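Going by the working numbering, the first residue of the sequence shown is number 430, and it counts up by one from there.
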Amino acid sequence: MSRVAMPEPDAGPLQRRSIIVDDLARLVGRSALIWDEDGRRAYETDALTAYRSMPLLVALPRSTEDVSKILRYCYDNSLKVIPRGAGTSLCGGALPTEDAVVLCVSKMKRILDVDYANRTARVETGITNLAISGKVAEKGFFYAPDPSSQLACTLAGNLAMNSGGAHCLKYGVTTHNVLGLKMVLIDGTIVDIGGTCLDAPGYDLLSLAIGSEGQLGVITEATVRILRAAEGARPMMLGFDAPEVAGACVAAIIGAGIIPVAIEYMDRPAIAVCEAYASAGYPLDVEALLIVEVEGSDTEIASLLAKIADIAQPFAPKSIEISADADQSARIWAGRKAAFGAIGRISDYYCMDGTIPLGALPHVLTRISEICDGYGLKVANIFHAGDGNLHPLILYDANDPDSNEKAEAAGAEILKLCVEVGGCLTGEHGVGIEKRDLMSVQFSQTDLAVQMRLKSVFDPAWLLNAAKVFPLASSEPMRAAMRFEAPAAA
Numbered sequence: 430m431s432r433v434a435m436p437e438p439d440a441g442p443l444q445r446r447s448i449i450v451d452d453l454a455r456l457v458g459r460s461a462l463i464w465d466e467d468g469r470r471a472y473e474t475d476a477l478t479a480y481r482s483m484p485l486l487v488a489l490p491r492s493t494e495d496v497s498k499i500l501r502y503c504y505d506n507s508l509k510v511i512p513r514g515a516g517t518s519l520c521g522g523a524l525p526t527e528d529a530v531v532l533c534v535s536k537m538k539r540i541l542d543v544d545y546a547n548r549t550a551r552v553e554t555g556i557t558n559l560a561i562s563g564k565v566a567e568k569g570f571f572y573a574p575d576p577s578s579q580l581a582c583t584l585a586g587n588l589a590m591n592s593g594g595a596h597c598l599k600y601g602v603t604t605h606n607v608l609g610l611k612m613v614l615i616d617g618t619i620v621d622i623g624g625t626c627l628d629a630p631g632y633d634l635l636s637l638a639i640g641s642e643g644q645l646g647v648i649t650e651a652t653v654r655i656l657r658a659a660e661g662a663r664p665m666m667l668g669f670d671a672p673e674v675a676g677a678c679v680a681a682i683i684g685a686g687i688i689p690v691a692i693e694y695m696d697r698p699a700i701a702v703c704e705a706y707a708s709a710g711y712p713l714d715v716e717a718l719l720i721v722e723v724e725g726s727d728t729e730i731a732s733l734l735a736k737i738a739d740i741a742q743p744f745a746p747k748s749i750e751i752s753a754d755a756d757q758s759a760r761i762w763a764g765r766k767a768a769f770g771a772i773g774r775i776s777d778y779y780c781m782d783g784t785i786p787l788g789a790l791p792h793v794l795t796r797i798s799e800i801c802d803g804y805g806l807k808v809a810n811i812f813h814a815g816d817g818n819l820h821p822l823i824l825y826d827a828n829d830p831d832s833n834e835k836a837e838a839a840g841a842e843i844l845k846l847c848v849e850v851g852g853c854l855t856g857e858h859g860v861g862i863e864k865r866d867l868m869s870v871q872f873s874q875t876d877l878a879v880q881m882r883l884k885s886v887f888d889p890a891w892l893l894n895a896a897k898v899f900p901l902a903s904s905e906p907m908r909a910a911m912r913f914e915a916p917a918a919a
């Protein structure tokens with residue numbers, strides 16, 4: 430494709446946008462584009478709503494071929510591209526810039542093939558996880574990753590951030606449940622990575638692509654694993670008088686060799702808000718609550734729950750309640766799944782995402798409280814305790830710049846703490862812009878340079894999701910070098 434004539438550098442943004450819209454309309458149709466101010470405003474932010482910026486325009490492709498045409502055009506004309514799914518990113522991963530085209534795959538949500546014999550489904554990435562499970566449920570199958578935003582979030586975003594969810598303790602995160610991808614590179618090249626088998630030959634590019642946050646290409650299709658649904662499942666609730674004791678109990682359960690489907694943690698502030706919102710039956714007289722779910726036959730479930738109750742006894746639980754039926758189980762999980770929305774009813778919050786070794790959980794919970802107290806802020810802790818993926822919700826006033834600044838500073842200290850105890854900056858939300866300048870806390874300059882060189886192989890002009898993931902001070906020399914290697918007209 431030849432380079433399309435662009436306006437002179439001093440041409441106004443409206444003229445520039447008009448030319449781009451006309452050019453792209455010839456490639457993918459005008460109905461696939463949004464360029465009016467009100468339409469673009471819907472895409473000016475993601476779930477990290479403290480930051481927002483109106484994009485140049487929005488493209489809504491309907492096929493991999495459309496994505497290829499759009500990316501090739503942007504490549505030929507040095508236009509930045511922001512890949513986007515449903516915009517539920519909590520780290521600013523889908524935050525646009527004023528000079529970028531938002532490429533949103535939300536219209537690409539078809540189920541292309543289901544192979545029950547080989548337990549796979551091939552889908553477009555604009556689909557939600559729940560829609561995949563809904564399609565295969567009639568045959569007794571499901572798709573395992575279940576982030577709390579699964580009602581809205583797309584597979585595209587899950588792939589970009591390698592998301593997990595409550596049940597990742599047993600079933601793993603996104604990368605453990607995907608066999609193959611179709612990805613479009615910035616120059617429009619369509620590549621297939623992995624396949625339909627468990628171990629595709631060659632380099633493991635699948636693991637490189639999943640979790641790459643839109644830095645390497647736009648993933649348009651995925652072949653995912655579907656699993657047989659368990660015979661049954663049942664949660665139990667364990668209440669404790671201290672968060673640190675609950676954390677120690679989590680480590681003891683895992684240390685005993687028991688792998689529940691999920692172990693979720695909620696502290697007193699979170700319990701109260703979620704109970705008021707969902708009437709889940711949570712105990713209100715405890716400082717910390719564990720929701721532990723196991724699955725299998727009725728006999729297996731009863732045996733496992735009894736063992737977990739025995740393990741908990743040395744930690745003096747204030748309450749132990751085993752779900753009596755499916756309705757109670759649904760209420761217990763409804764409260765947990767609605768936690769972020771419930772907290773949002775009473776306060777603005779800054780949702781953190783770090784991962785730590787389980788043995789460090791008691792210490793880290795104590796320090797999180799101390800850090801937030803030091804800034805005069807309250808915190809509600811809701812997270813996947815089984816795999817050490819923390820989600821402290823720092824409560825603040827988004828309309829108060831001082832409160833906003835304190836929340837970000839407290840969040841940075843919490844993430845540094847995660848790294849200090851042997852964990853990492855993110856478990857499933859990604860880096861985006863939120864943790865971009867903290868990457869040097871975890872990685873050396875050599876580590877970052879290697880990662881940036883990998884990006885440059887796939888995106889030589891650094892047009893994909895620019896100014897994300899890598900610290901600006903470290904990445905600017907690399908990006909500057911790449912600008913001298915921008916694509917020439919074909």
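The beta carbon of each residue, even a glycine, is placed where N, CA and C say it ideally should be. For clarity, every value in this text was computed on a predicted model and none was experimentally measured.
Quick check on residue i: buried or exposed, where buried means 16 or more other Cβ atoms within 10 Å of its Cβ?
i, result
"K498", "buried"
"R513", "buried"
"E799", "exposed"
"A902", "exposed"
"K568", "exposed"
"S752", "buried"
"Q444", "exposed"
"L818", "Sequence inspection shows Asn at residue 818; the Leu mentioned does not correspond to that position. Under this definition N818 is a buried residue."
"T478", "exposed"
"P689", "buried"
"V879", "exposed"
"T549", "buried"
"T784", "buried"
"N547", "exposed"
"A759", "exposed"
"G468", "exposed"
"T652", "buried"
"R654", "buried"
"G522", "buried"
"D541", "Per the sequence presented here, residue 541 reads as Leu, with Asp not at that position. Classification of L541: exposed, given that the 10 Å Cβ count is below 16."
"G676", "buried"
Three-state secondary structure (DSSP) at residue i?
i, result
"M430", "Reliability of the predicted coordinates at M430 is poor, the pLDDT of 43 falling under 50, and the value obtained from them is presented with this limitation in mind. If DSSP states are grouped into helix, strand and coil, M430 belongs with coil."
"R774", "coil"
"L898", "A small correction: the amino acid at residue 898 is Val; Leu does not occupy that position in the sequence shown. Residue state, collapsed to three classes: coil."
"H813", "strand"
"G468", "helix"
"D633", "coil"
"K536", "coil"
"C597", "helix"
"D754", "coil"
"C626", "coil"
"T855", "coil"
"G764", "helix"
"R551", "strand"
"I648", "strand"
"P438", "With a pLDDT of 49 at P438, under the threshold of 50, the modelled position of that residue is not reliable, and the figure given next carries that caveat. P438 falls in the coil class under three-state DSSP."
"V450", "helix"
"K568", "helix"
"T618", "coil"
"T603", "helix"
"G609", "strand"
"D544", "strand"
"I740", "helix"
"I463", "strand"
Thinking residue i and residue j are a contact (beta carbons under 8 Å), I'd like their distance in whole angstroms, please.
i, j, result
"S535", "D475", "Not confirmed; about 13 Å, so no contact."
"L608", "C626", "7 Å"
"F887", "L645", "4 Å"
"Q757", "G815", "Contact flag wrong, Cβ pair sits at about 21 Å."
"E642", "V860", "6 Å"
"P889", "L794", "Their Cβ separation, rounded to whole angstroms, is 44 Å, which puts P889 and L794 out of contact at 8 Å."
"A771", "Y706", "4 Å"
"A731", "I749", "The pair is not a contact, with the Cβ atoms about 14 Å apart (cut-off 8 Å)."
Any 3 or more C-beta pairs closer than 8 Å across the region 785 to 797 and the region 849 to 856: yes
Segment contact, 8 Å Cβ cut-off, at least three pairs: the region 616 to 630 with the region 659 to 673: no
Within the region 483 to 519, ranges of the beta strand (DSSP E) (whole runs, at least 3 residues): 486 to 488, 509 to 513
Residue ranges of each alpha helix (DSSP H) within the region 652 to 737, 4 or longer: 672 to 684, 697 to 707
Stretch-stretch touch, CB-based, cutoff 8 Å, three pairs: the region 633 to 644 with the region 711 to 725: no
Sufficient close CB pairs (3 or more, under 8 Å) joining the region 690 to 698 to the region 742 to 749: no
Contained beta strand (DSSP E) runs [length at least 3] in the region 780 to 840, N- to C-terminal order: If we require 3 residues or more, the beta strand (DSSP E) runs fully inside the region 780 to 840 come out as 807 to 813, 821 to 825.
Any 3 or more C-beta pairs closer than 8 Å across the region 477 to 494 and the region 588 to 607: no
Contact the region 557 to 566 vs the region 574 to 589: 3+ CB pairs below 8 Å: yes
Stretch-stretch touch, CB-based, cutoff 8 Å, three pairs: the region 855 to 863 with the region 582 to 596: yes
The region 832 to 851 touching the region 448 to 456, judged by at least three CB pairs closer than 8 Å: no
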